[in-house]
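Here's the structure we're looking at; comments come further down.
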Amino acid sequence: MKKLIVKIIQLRNPHFELDDSLNLAALFQFVFIQICGLIRGCKVVFCFRKPKGMILGKGVTFFNISKINWGKFLRLGNQVYVSALSKNGIQFGNNVSIGAFSRVIVSTSINNIGNKIVIGNNVGIGEFAYLGGAGGLEIGDECIAGQYLSCHPENHNYENFEIAIRHQGVTRKGIIIGKNCWIGSKVTILDGVTIGNGCIIAAGSVVTKSFPENSIIGGVPAKLLKNRNND
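Numbering (UniProt numbering), first residue to last: 1 to 231.
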């Protein structure tokens, strides 16, 4: 029985192996939750879309689903909200996992629709994430992020003292996160930032500028701590 379960899970994660200390009761409960998620994923059939092995938690909501595309085995936790009110939609790659209570939102207003969100293959993001896409957000393949990741590819203008800030419009440059990055819990990434491939961002960092590949960064605002090559 365990071997069968492992083979099924390895369809999504070829490197998966069961922990020897896992008890059967927990294993069966885990399998039951995944089966329920697969059944929920089938609801997209009513929108004339193929689930492709989608696993949905309780209370997952899509807005403007016609502009949302996904690869195989998309996994969204409980109460995740995905809004593709946008110019270029939302794209999830294969084997993407977004934790419970997260928000994946390109735009919140219909008067200045945002750009896009693109998430690559084999990306895992923890609970309570906020992924904005107004100026465009791209996350490369194989990235992992802890809880409360926050990405904001938009800034408010504020130069005019005679006009309320909320009426002065916005600037949008976009955020690009390279492949194979490890992002710690409670990291905030602001507009105009490009993170190179293979970077590590320490928990609690606020990233306000770009960094080259293989950088280890941290702090508020984040700065270069060292390079993964120890240079």
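C-beta atoms are modelled at their ideal positions from N, C-alpha and C, and glycine is treated no differently.
Would you kindly check if the distance between the Cβ of Phe73 and the Cβ of Arg12 is under 8 Å? Translated into the one-based positions of the sequence shown, residue 12 becomes position 12. Translated into the one-based positions of the sequence shown, residue 73 becomes position 73. Closer than 8 Å, so yes.
Measure the Cβ-Cβ separation of Cys181 and Gly204 and say whether it is below 8 Å. Residue numbering aside, residue 181 sits at position 181 when the sequence shown is read from its first letter. Residue numbering aside, residue 204 sits at position 204 when the sequence shown is read from its first letter. No, the Cβ-Cβ distance between Cys181 and Gly204 is not below 8 Å.
Mark Thr61 as exposed unless 16 or more other C-beta atoms lie within 10 angstroms of its C-beta, in which case mark it buried. Residue numbering aside, residue 61 sits at position 61 when the sequence shown is read from its first letter. With fewer than 16 other Cβ atoms within 10 Å, it is exposed.
On the three-pair Cβ rule with 8 Å, is the segment 118 to 130 touching the segment 158 to 168? no
According to DSSP, is Val220 part of a helix, a strand, or is it coil? By one-based count along the sequence shown, residue 220 stands at place 220. Looking at Val220 - three-state DSSP - the assignment turns out to be coil, as it is neither helix nor strand.
Between Phe101 and Asn78, which are expected to be in contact by the criterion C-beta below 8 Å, what is the C-beta distance as a whole number of angstroms? In the sequence shown, residue 101 corresponds to position 101, counting from 1. In the sequence shown, residue 78 corresponds to position 78, counting from 1. Contact holds; Cβ gap of about 7 Å.
Between the CA atoms of Val207 and Ile216 - distance to the nearest angstrom: Taking the first residue of the sequence shown as position 1, residue 216 is located at position 216. Taking the first residue of the sequence shown as position 1, residue 207 is located at position 207. Taking the straight line from one Cα to the other gives about 12 Å.
Can you give me the Cβ contacts of Ser86 inside the same chain, cut-off strictly under 7 Å, excluding the 5 residues immediately before and after it? As a position in the sequence shown, residue 86 is number 86, starting the count at 1. The answer, listed in chain order, is Lys67, Val106, Ser107, Ile113, Gly114, Asn115, Lys116 and Gly133.
Which of helix, strand or coil does DSSP assign to Ile163? By one-based count along the sequence shown, residue 163 stands at place 163. In the structure shown, Ile163 sits in coil (DSSP, three-state: anything other than H, G, I, E or B).
Determine the DSSP secondary structure at Val170, reduced to helix, strand or coil. For the purposes of this step, residue 170 is taken as residue 170 along the sequence shown, with counting starting at 1. Looking at Val170 - three-state DSSP - the assignment turns out to be strand.
Distance between Ser109 and Ala84 (C-alpha atoms, nearest Å): Residue numbering aside, residue 84 sits at position 84 when the sequence shown is read from its first letter. Residue numbering aside, residue 109 sits at position 109 when the sequence shown is read from its first letter. Each residue's Cα considered, the two are about 11 Å apart.
CB of Gly57 within 8 Å of CB of Val82, strictly: Reading the sequence shown from its first residue, position 57 is the one you call residue 57. Reading the sequence shown from its first residue, position 82 is the one you call residue 82. Taking 8 Å as the Cβ cut-off, Gly57 and Val82 do not qualify as a contacting pair.
According to the Cβ coordinates, are Leu190 and Phe211 closer than 8 Å? Counting from one through the sequence shown, the residue named residue 190 turns up at place 190. Counting from one through the sequence shown, the residue named residue 211 turns up at place 211. Contact flag unset, no.
Would you mind stating whether Ile177 and Ile144 have Cβ atoms separated by less than 8 Å? As a position in the sequence shown, residue 177 is number 177, starting the count at 1. As a position in the sequence shown, residue 144 is number 144, starting the count at 1. Contact: no.
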